[in-house]
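From first to last, the protein sequence lines are chains A and B. Sequence positions in the first sequence follow the working numbering and run 1 to 420. Sequence positions in the second sequence follow the working numbering and run 1 to 420. C-beta atoms are modelled at their ideal positions from N, C-alpha and C, and glycine is treated no differently.
Protein chains: 2
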Amino acid sequence: MKIIGHGGKEIVERVMDPRQAVDKIRGLTRIPIRDQLAREVVMLSYGFFTPLQGFMTKADVDGVVANMRLTDGTVWSIPIVFDLANEEIDAKRIKQGDTLLLTYQDQPMATLDVEEIFSYDLQKMAEKIYGTAEEKHPGCARTYKYADRFIGGKVTLVNPPKMSEPFDRFFFTPRQLRAKIAEKGWLRSVAHQTRNVPHSGHEWLMKGSWIACHGDLPVEKIVTGIVVSAVMGEKRKGDYIDEAIVLTHDALRTYGYFREDVHITSIVLWDMRYAGPKEAIFHAILRTNLGLTHHMFGRDHAGVGTYYDPYDAHRIFDTISEDDLRIKPIRVLAWWFCPVCGEVTYSGLCGHTKERQNFSGTVVRSIIQDGVRPPRIIFRPEVFDLIMETAEKYGFGSPYVGDEYLAKRNPLFTVPPLKL
Amino acid sequence: MKIIGHGGKEIVERVMDPRQAVDKIRGLTRIPIRDQLAREVVMLSYGFFTPLQGFMTKADVDGVVANMRLTDGTVWSIPIVFDLANEEIDAKRIKQGDTLLLTYQDQPMATLDVEEIFSYDLQKMAEKIYGTAEEKHPGCARTYKYADRFIGGKVTLVNPPKMSEPFDRFFFTPRQLRAKIAEKGWLRSVAHQTRNVPHSGHEWLMKGSWIACHGDLPVEKIVTGIVVSAVMGEKRKGDYIDEAIVLTHDALRTYGYFREDVHITSIVLWDMRYAGPKEAIFHAILRTNLGLTHHMFGRDHAGVGTYYDPYDAHRIFDTISEDDLRIKPIRVLAWWFCPVCGEVTYSGLCGHTKERQNFSGTVVRSIIQDGVRPPRIIFRPEVFDLIMETAEKYGFGSPYVGDEYLAKRNPLFTVPPLKL
């Protein structure tokens, strides 16, 4: 049966059995790739980026930059490109028509068919995608770091990586997640994009979005689910460590803050671009491919600094038709703690605007750094304890990314040894 | 502009200026009517019961009893009938073609065109509407009390009643409520049917239904509202007094538990039939006519005893198409207090099924009778204080209906003196 993803296209799956691949890849030119590209290779190969079958050619980048569409008309908001230095291209005599063997962790991982080698105006790319060309913007900075040229072409995973503990329990390909959703019997499911450990404001963001997503469906049997889709990728100092993010989210269900039948924790591999509205579209595409019907978007989704209005990432969905993007956005205002109501409540409903307390990242951070359990209405004690546990077990004593974590952390996945 | 109500029919409005009516009604046969009929005359005349223009003829009752439809095919679930004793019919020589002058509180109130005088098998009516013929069922009991015969025909209000304080602030005709909703700028609005003073379980039933109703609409400007639609009608001992119901609901907004821009309190005049699923349909029709787009239905809506399964009133909506009933049901499970979560939460989401505490009517009643302010998470202190105030001001010392309230309460409305 065809499984249809973004753009009405069949979910891409370009994965070979390594035993069959060895004969084909022996002797190919080897290109070691960095973390970002390795993650994108995995995503591409399993169809998270459907309809993309590989890294973009120039025409597709042009379309994305100019009007947020691929050459075939499909909505696409972020360039997915494979960069390589001129020096390496020349040294290895890479040319159109070649097939390259991408290696990671010193092992063969995937092939890349060289359809096109091109250069691109990075300033223009940054300006059009991020709405700014400032290097302070982390998305622009990432863009400016691309090497001289890009190689467009299809990717095939020839040596599927093995997800590391504890991520292995949470990694589902689009096909696997769809099977899991079918097994749960969900008719609708709403994505929660996260890079945070959840306080109760996040919990209610999810709960409220589930209710909005559930809408007017019957309730005797629950047919709506929340899919936490944690973004695992490049870490910056001060971020929550990946292990804390995924394990605390999952704990919300195991400790009963979500029922077993309404909640799944999962991960995607992606280096945040902080592209605000454009990144919101990209997240929506990702979760469309994962088989979800709805996606929650809070205030200032995927924004950074003051580059975007807090509601830019809401408004952009008004410009896109349902034919172009099947997943529906659930646009959400803040959930806050209201001392008059004595609970976490929704800013769209609660009128105690003078008394209310926002969940600020800084306050939550100081709570965690104090190490004293906050009230359960703010932070679930089991979640709080688990943050401390993961800090010890995975974070070199801290739930926040530091130099030691960056240098010595468990990798998200390892590529198994493959002898050619 | 035509204002369209239930069944795609224009909202009925059969109301005359008393100064113009006097000449037409002078000399008509007078029929004093009891409270239930007076309330139904008001509802009929202002179009709350659109497309009905008056009390049902036999064919309509037959349709409602047999297949929940009027003769014109419109869905209708509860007979709206005008009963009269043979003795009175004979004494006043009432016959088909007459116009009767209905009087209430000794004043002329409305006219009734006698289109048909008929009798009906009350046991059959009860059995078909309530699913039981047992006299213990209050709807059946009400049915069996009907006098010998029914008069079907159009009703015209000739002397509009004046709503009493504090109900006057909350009475909106379908046309008035639609104007108010338009003024608020709401695109969607969800009805909360109530005969209770609200504890925080009710508050969250409303809040959750608002979120479900709001769904995937943009949020920058709030375009969804909650309309509390309190049912005011025949009281039974132990019910909350009407004044407490309507004032405490309104207080939830004035004290900020609902924002000013998301909440309206209103009333309808209706003697509860406790018909469970059939009454749910009737409530949906009422609120369709009021211009609402959604209607929340909790567990055991309008049920009594063990006559209906708690979800019968949910399931019945699966049998009716959107063409037949435009308003959409928001079907809701229980909101409960969960001591693990430390808050009121939704049983569709919270997994602490062992620890959770339901809001039982008995517990809430004992809280109120103790007179000691409960935690604000259970009962808003302002609401609680207001219950006590209304008890003093309107309830002869109690927020619950007692003999004194039944005998001496302020009427919901008074019919002004009208000299013919």
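Starting from the beta carbon of D106/B, find every residue of chain A whose beta carbon is closer than 9 Å, and list them in chain order. Numbered from 1 along the second sequence, position 106 holds the residue referred to as residue 106/B. The contact set of D106/B on chain A, defined by CB atoms closer than 9 Å, is empty, because the minimum CB distance reaches about 45 Å.
Would I281/B and H6/B be called neighbours here (beta carbons separated by less than 8 Å)? Taking the second sequence and counting its residues from 1, one reaches residue 281/B at position 281. Taking the second sequence and counting its residues from 1, one reaches residue 6/B at position 6. The beta carbons of I281/B and H6/B sit no closer together than 8 Å.
Quick one: measure Cβ to Cβ for A313/B and F297/B, integer angstroms, because I've assumed they're closer than 8 Å. Sequence index remark: in the second sequence, residue 313/B carries index 313 (1-based). Sequence index remark: in the second sequence, residue 297/B carries index 297 (1-based). About 6 Å separates the two Cβ atoms, so the contact holds.
Within chain B, partners of Y346/A - CB distance below 8 Å: In the first sequence, counting from the first residue as 1, residue 346/A sits at position 346. Going along chain B in sequence order, the residues near Y346/A (Cβ under 8 Å) are K207, I211.
With respect to the alpha helix (DSSP H) encompassing C140/B, which residues constitute its N-terminal and C-terminal limits? Position 140 of the second sequence holds residue 140/B. Here the alpha helix (DSSP H) through C140/B covers 138-144.
Contained beta strand (DSSP E) runs [length at least 3] in the region 159-210 of chain A, N- to C-terminal order: Within the region 159-210 of chain A, the runs of beta strand (DSSP E) that reach at least 3 residues and sit entirely inside it are, in chain order, 188-194.
Using DSSP bridges, identify the partner residues of H263/A. Sequence index remark: in the first sequence, residue 263/A carries index 263 (1-based). Bridge partners of H263/A according to DSSP: I226/A.
Which residues in the same chain as L70/A place their Cβ atom closer than 6 Å to its Cβ, once the five residues preceding and following it in sequence are excluded? Residue 70/A sits at position 70 when you count from the first residue of the first sequence. The answer, listed in chain order, is D60, G63, W76.
CA-to-CA distance, M388/A to P160/A, given in whole angstroms: Position 160 of the first sequence, counted from the first residue, corresponds to residue 160/A. Position 388 of the first sequence, counted from the first residue, corresponds to residue 388/A. Using only the alpha carbons, I get a separation of about 33 Å.
From the DSSP output, in three-state form, read off K221/A for me. If you number the first sequence from 1, residue 221/A lands on position 221. In the structure shown, K221/A falls within a coil segment according to DSSP collapsed to helix, strand and coil.
Strictly below 9 Å CB to CB, what residues from chain A border V219/B? As a position in the second sequence, residue 219/B is number 219, starting the count at 1. Simply Y311, H314, R331, V332, L333, G348.
Would you mind working out which of A141/A, G153/A, F258/A sits nearest L100/A, comparing C-alpha positions? Along the first sequence, one-based indexing puts residue 100/A at 100. G153/A is the residue among A141/A, G153/A, F258/A whose C-alpha sits nearest the C-alpha of L100/A.
Is there a Cβ of chain B sitting closer than 8 Å to that of E134/A, yes or no? Numbered from 1 along the first sequence, position 134 holds the residue referred to as residue 134/A. Chain B places no beta carbon closer than 8 Å to that of E134/A, leaving this residue out of the contacts.
With a cut-off of 8 Å, does the C-beta of I222/A fall near any C-beta of chain B? Translated into positions along the first sequence, residue 222/A becomes position 222. Closer than 8 Å to some Cβ of chain B, the Cβ of I222/A qualifies, so yes.
Can you look up K278/A in the DSSP assignment and give me helix, strand or coil? Position 278 of the first sequence holds residue 278/A. Three-state result, K278/A: helix.
Since S189/A contacts V246/A with CB under 8 Å, what's their CB separation in whole angstroms? Position 189 of the first sequence, counted from the start, is the residue given in the question as residue 189/A. Position 246 of the first sequence, counted from the start, is the residue given in the question as residue 246/A. So it is not a contact: roughly 18 Å between Cβ atoms.
By the criterion of Cβ-Cβ separation under 7 Å, what are the contact partners of H352/A in chain B? Position 352 of the first sequence, counted from the start, is the residue given in the question as residue 352/A. Under a criterion of Cβ atoms nearer than 7 Å, the residues of chain B adjacent to H352/A are, in order, G256.
Exposure label - N289/B; buried when at least 16 CB within 10 Å: Locating residue 289/B in the second sequence gives position 289, counting from the first residue. When all chains shown are included, N289/B counts as buried.
Taking only the alpha-carbon atoms, compute the straight-line gap between I377/A and G342/B and give it to the nearest angstrom. Locating residue 377/A in the first sequence gives position 377, where the first residue counts as 1. Locating residue 342/B in the second sequence gives position 342, where the first residue counts as 1. Inter-residue distance for I377/A and G342/B is about 6 Å (C-alpha atoms, whole angstroms).
By Cβ distance below 6 Å, which residues in the same chain neighbour H263/B in space, the five residues on each side in sequence not counted? Residue numbering aside, residue 263/B sits at position 263 when the second sequence is read from its first letter. Answer for H263/B: I226, R253, listed in chain order.
Taking R259/A as the reference, which of Q105/A, Y46/A, I222/A has the closest Cα? As a working mapping, residue 259/A is identified with position 259 in the first sequence. Closest in C-alpha terms to R259/A, from the list Q105/A, Y46/A, I222/A, comes I222/A.
Whole-angstrom Cβ separation of K162/B and T414/B, contact assumed at under 8 Å? Within the second sequence, the letter at position 162 stands for residue 162/B. Within the second sequence, the letter at position 414 stands for residue 414/B. Approximately 6 Å separates the beta-carbon atoms of K162/B and T414/B; this is inside 8 Å, confirming the contact.
Is M109/B helix, strand or coil when you go by DSSP? Residue numbering aside, residue 109/B sits at position 109 when the second sequence is read from its first letter. In the structure shown, M109/B sits in a strand (DSSP, three-state: E or B).
Is the beta carbon of F167/A less than 8 Å from the beta carbon of M232/A? Looking up residue 167/A in the first sequence gives position 167. Looking up residue 232/A in the first sequence gives position 232. It is a contact, given that the beta carbons lie within the stated cut-off.
Any beta carbon of chain B sitting closer than 8 Å to that of K328/A? For this step, residue 328/A is matched to residue 328 along the first sequence. K328/A counts as touching chain B.
Between T248/A, F55/A, K92/A, E127/A, which lies nearest to F118/A when the distance is taken from Cα to Cα? Translated into the one-based positions of the first sequence, residue 118/A becomes position 118. F118/A has its Cα closest to that of F55/A, out of T248/A, F55/A, K92/A, E127/A.
Determine which residues share a DSSP beta bridge with V296/B and list them. Indexing the second sequence from 1 puts residue 296/B at position 296. Here residue 296/B is Met; the residue named in the question, Val, does not match the sequence. Beta-bridge pairing links M296/B to I330/B.
Local Cβ density within 10 Å of L412/B, reported as buried at 16 or more and exposed below that: The residue you call residue 412/B lines up with position 412 of the second sequence. Buried is the call here.
Considering only DSSP beta bridges, list what W270/A is partnered with. Translated into positions along the first sequence, residue 270/A becomes position 270. Answer is none; W270/A lacks a bridge partner.
Does the count of Cβ pairs from the region 142-158 of chain B and the region 107-127 of chain B closer than 8 Å reach three? In the pairwise beta carbon analysis, the region 142-158 of chain B is classified as touching the region 107-127 of chain B: at least three pairs are separated by under 8 Å.
Burial state of Q96/A, where buried means 16 or more other Cβ atoms lie within 10 Å: Counting from one through the first sequence, the residue named residue 96/A turns up at place 96. Per the 10 Å Cβ criterion, exposed.
In whole angstroms, give me the CA-to-CA distance for H199/A and D242/A. On the first sequence, position 199 is the one that residue 199/A refers to. On the first sequence, position 242 is the one that residue 242/A refers to. It is roughly 16 Å from the alpha-carbon of H199/A to the alpha-carbon of D242/A.
Locate the beta strand (DSSP E) running through I245/A, then write down its first and last residues. Residue numbering aside, residue 245/A sits at position 245 when the first sequence is read from its first letter. Element bounds for I245/A: not the beta strand (DSSP E) but the alpha helix (DSSP H), 242-254.
Just grab the DSSP bridge partners of F118/B for me. For the purposes of this step, residue 118/B is identified with residue 118 of the second sequence, where counting begins at 1. For F118/B, the pairing in a beta bridge is given by DSSP as F150/B.
Please confirm if R188/B has its CB atom under 8 Å from at least one CB of chain A. Here residue 188/B corresponds to residue number 188 of the second sequence, with the count starting at 1. Answer no: the Cβ-Cβ gap between R188/B and chain A never drops below 8 Å.
Cβ contact check for the region 198-215 of chain A and the region 207-218 of chain B: 3 or more pairs under 8 Å: By the C-beta criterion, the region 198-215 of chain A is judged to be in contact with the region 207-218 of chain B, since at least 3 inter-stretch pairs fall below 8 Å.
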